[in-house]
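Residue numbers (the numbering used here): 1 to 230.
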C-alpha cells in the first residue's frame with residue numbers, strides 16, 4: 001500500500017471529517033486518537049478560543065472508563081495514572097496560553113467579529129462569570145463547558161495578578177482532570193455491567209456540566225420579576 005502523505009489535502013479533509021464524525025461516539029474517538037489526541041484536545045479546549053466545542057468533561061470521564069476496562073487506544077494501553085499526569089499538564093498549560101492570549105490582545109479581543117470558531121457571546125458570558133466570582137472563576141470555570149475556554153482569556157484581559165492566576169490554574173486543572181478521570185475509572189471498576197450503559201453515563205455528565213449554566217440562565221430570567229424597578 002502507498003505511504004500516507006500528511007501534506008495531502010485530501011487526507012487532511014478525511015481526517016477532519018473522521019474526527020467530527022467520531023465526536024458523537026467518544027469511546028471510538030478516544031480509541032482512534034489515543035493519548036496524544038487526548039492531550040491535544042484538552043489543551044485546545046482550555047487554551048485556544050477555537051476549542052470551545054470540545055466535550056471536555058465527558059471526554060475525560062470516558063477516557064477514565066476505558067482505562068478501567070484495559071482498552072487500547074491508537075495501539076497503546078490507556079493507563080489512568082499516566083493520563084492524569086499528562087492531561088493535567090495539558091489543562092494547566094492550556095489555561096496559561098489562554099491567559100497570554102488575553103493579556104496580549106486586551107480589550108481588542110472583544111471587538112472581534114463572530115466567525116465559525118469564535119463567538120463574542122461566549123466571551124461576554126465568561127466575563128460575567130469572572131465579574132461575579134473573581135479569581136475563583138479559574139477554578140469554577142473548569143467545570144462549566146465553554147466558560148472554561150474563555151475564562152483564562154478574560155483573566156488575561158483583566159490583568160489578573162499572575163501568581164494568583166497560576167495558583168488557581170494549577171488547583172483547578174488538577175481538580176478537573178482527576179475528578180473526571182477517576183469518576184469514569186471507578187465507575188468502570190466498581191459498577192458491574194456499567195460498560196453496557198456508558199452512553200447514559202456520558203449523558204449524565206453532560207447534563208451535570210451544563211446544569212450551572214441552566215441555573216444561571218433561570219436566575220437571570222427571574223431577576224426582573226423579583227427585583228421591583230429593575
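Beta carbons are placed, not taken as given, at the ideal position from N, Cα and C, and that holds for glycine.
Range covered by the alpha helix (DSSP H) that runs through residue i
i, result
"residue 79", "Neither: residue 79 is in no alpha helix (DSSP H) and is coded neither H nor E."
"residue 109", "From DSSP, residue 109 is part of no alpha helix (DSSP H); its letter is neither H nor E."
"residue 50", "First-last for residue 50: undefined, no H or E at that position."
"residue 174", "162-190"
"residue 138", "137-140"
Cβ distance (whole Å) where residue i is taken to contact residue j below 8 Å
i, j, result
"residue 173", "residue 92", "4 Å"
"residue 99", "residue 152", "5 Å"
"residue 42", "residue 56", "7 Å"
"residue 66", "residue 76", "With a Cβ gap of about 12 Å, residue 66 and residue 76 do not count as contacting."
"residue 149", "residue 86", "With 8 Å as the limit, residue 149 and residue 86 do not qualify as a contact, their Cβ atoms being about 20 Å apart."
"residue 183", "residue 84", "About 12 Å; that fails the 8 Å criterion."
"residue 95", "residue 47", "7 Å"
"residue 54", "residue 44", "6 Å"
"residue 58", "residue 205", "5 Å"
"residue 129", "residue 147", "5 Å"
Strand pairing of residue i, partner residues [DSSP]
i, result
"residue 72", "77"
Where residue i falls: helix, strand or coil (DSSP)
i, result
"residue 159", "coil"
"residue 36", "helix"
"residue 134", "helix"
"residue 55", "coil"
"residue 25", "coil"
"residue 145", "coil"
"residue 94", "helix"
"residue 2", "Because the pLDDT of residue 2 is 43, which lies under 50, any placement of that residue in the model is unreliable, and the number read from its coordinates should be weighed accordingly. Three-state result, residue 2: coil."
"residue 193", "coil"
Cβ-based burial, residue i [other Cβ within 10 Å; buried from 16]
i, result
"residue 104", "exposed"
"residue 124", "exposed"
"residue 131", "exposed"
"residue 178", "buried"
"residue 158", "buried"
"residue 185", "buried"
"residue 164", "exposed"
Short CB-CB distance (under 8 Å) between residue i and chain B
i, result
"residue 192", "Looking at the structure shown, chain B is missing, and only one protein chain is on hand."
Heavy atom of the ligand COA within 7 Å of residue i beta-carbon
i, result
"residue 200", "Looking for the ligand COA in the displayed structure turns up nothing, as the structure carries no ligands at all."
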